[in-house]
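Chemist: Quick one: structure below, then a few questions.
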Amino acid sequence: ETGVTQSPTHLIKTRGQQVTLRCSSQSGHNTVSWYQQALGQGPQFIFQYYREEENGRGNFPPRFSGLQFPNYSSELNVNALELDDSALYLCAGHKYNEQFFGPGTRLTVL
Amino acid sequence: GQQVMQIPQYQHVQEGEDFTTYCNSSTTLSNIQWYKQRPGGHPVFLIQLVKSGEVKKQKRLTFQFGEAKKNSSLHITATQTTDVGTYFCAGVNTSGTYKYIFGTGTRLKVLA
């Protein structure tokens, strides 16, 4: 497989809550990207981290934030959850030109 | 803002028929990538095209990058049932902060 894992697999939260999603990539994946994929749509780029610093960001508000750690793991934090945040959240480790996607976390906001 | 559109949105073909999906960007891209996502799965990287007018082949799949680096296509020859899934192009901008823009996707169904 891709060597990228994500946790949890599924998550249910209520509006206004905060959530942390985790991604574990493999050695050599110095860059990690996070995406939001709504049902029936393409992945939307949230942000990218390289060597623990954000170096790219899509059109997502500041309540979407992230961290990358030296052990090739990363987090996506979302504050003040809204109903529209319900989606599949994907992380991808990068090696050379390829992105290796994890299986995703399905977030439902009620 | 920058957009990447794909057509068609859906395509049903008989096994053995050919299939093509087209990708169009509103702006010039640095590179373009193609991904396949099976139902319930995650995107799987297929290829990256970098040069203007570049053509690459992977067995039955042929990928093309337009001369202006604003459009691309994926052609599958003699489809098989294993080709079922959604095919996404992703525009890559190596400059600026917005790195990857995925297209709207083409969902392929292959009828045996």
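Those protein sequence lines, which keep their order, are chains A and B.
At position 20 of the first sequence the residue is numbered 20 (the numbering used here), and the sequence of numbers has no breaks.
Position in the second sequence counted from 1, then plus 110, gives you the numbering used here.
Just so you know, even glycine gets a beta-carbon here, dropped at the ideal spot from N, CA and C.
Note that the structure is predicted; figures quoted are calculated from it, not measured.
Rounded to a whole number of angstroms, what is the C-alpha to C-alpha distance between A/His-94 and B/Gln-121?
Modeler: Cα-Cα distance, rounded: 30 Å.
Chemist: Please report the straight-line C-alpha distance between B/Leu-218 and B/Gln-174, rounded to a whole angstrom.
Modeler: C-alpha separation (whole angstroms): 19 Å.
Chemist: When the cut-off is 9 Å and only beta carbons count, does B/Tyr-175 lie next to chain A?
Modeler: Note that residue 175 of chain B is Phe in the sequence shown here, rather than Tyr. It does not; no Cβ of chain A falls within 9 Å.
Chemist: Taking the continuous beta strand (DSSP E) assigned at A/Ser-86, which residues delimit it?
Modeler: Note, A/Ser-86: premise wrong, no beta strand (DSSP E); not H, not E.
Chemist: Comparing C-alpha positions only, which one of B/Gln-147, B/Leu-139, B/Ile-157 and B/Gly-111 sits nearest to B/Leu-184?
Modeler: Nearest of B/Gln-147, B/Leu-139, B/Ile-157 and B/Gly-111 to B/Leu-184, Cα basis: B/Ile-157.
Chemist: Alpha carbons only, please: which of A/Thr-20, A/Pro-61, A/Tyr-35 and A/Ser-65 is nearest the one belonging to A/Arg-7?
Modeler: Residue identity check: residue 7 of chain A is Ser in the sequence provided, not Arg. Out of A/Thr-20, A/Pro-61, A/Tyr-35 and A/Ser-65, A/Thr-20 has the C-alpha closest to the C-alpha of A/Ser-7.
Chemist: Under three-state DSSP, which class holds B/Thr-192?
Modeler: Looking at B/Thr-192 - three-state DSSP - the assignment turns out to be helix.
Chemist: Here's a check: name, in chain order, each residue in its chain whose Cβ is nearer than 6 Å to the Cβ of A/Asn-77, leaving out the five neighbours to either side.
Modeler: Result list for A/Asn-77: Thr-20 and Ser-65, in chain order.
Chemist: Report the option in A/Phe-45, A/Asn-97, A/Arg-22 and A/Gln-41 whose CA atom is closest to the CA atom of A/Leu-67.
Modeler: Ranking the options by Cα distance to A/Leu-67, first place goes to A/Arg-22.
Chemist: Helix, strand or coil for A/Gln-44, going by three-state DSSP, please let me know.
Modeler: In this structure, A/Gln-44 counts as strand in the three-state DSSP scheme.
Chemist: Could you spell out the range, first to last residue, of the beta strand (DSSP E) harbouring B/Glu-219?
Modeler: Rather than Glu, the amino acid found at residue 219 of chain B in this sequence is Lys. 216-221 is the extent of the beta strand (DSSP E) around B/Lys-219.
Chemist: Please state the DSSP three-state secondary structure of B/His-122.
Modeler: Looking at B/His-122 - three-state DSSP - the assignment turns out to be strand.
Chemist: Is there a C-beta anywhere in chain B that falls below 9 Å from the one on A/Ala-92?
Modeler: A/Ala-92 counts as touching chain B.
Chemist: Can you tell which of A/Leu-11, A/Ile-12, A/Gln-17 and A/His-10 has the C-alpha that lies nearest to the C-alpha of A/Asn-79?
Modeler: Comparing Cα-Cα distances from A/Asn-79 to each of A/Leu-11, A/Ile-12, A/Gln-17 and A/His-10, the minimum goes to A/Gln-17.
Chemist: Kindly indicate which residue of A/Asn-97, A/Leu-83 and A/Thr-5 has the alpha-carbon position closest to the one of B/His-152.
Modeler: Measuring from the Cα of B/His-152, the nearest candidate turns out to be A/Thr-5.
Chemist: How would you list, in chain order, the residues of chain E whose beta-carbon sits under 9 Å from the beta-carbon of A/Asn-30?
Modeler: Judged by its chain identifiers, the structure shown contains no chain E, and its protein chains are A and B.
Chemist: State the CB to CB distance for the pair A/Tyr-35 and A/Pro-43, rounded to an integer number of angstroms; the pair is presumed to be in contact (CB under 8 Å).
Modeler: Confirmed, about 4 Å.
Chemist: Shortest alpha-carbon distance to B/Lys-179 belongs to which of B/Tyr-145, B/Arg-170, B/Gln-116 and B/Lys-161?
Modeler: It is B/Lys-161.
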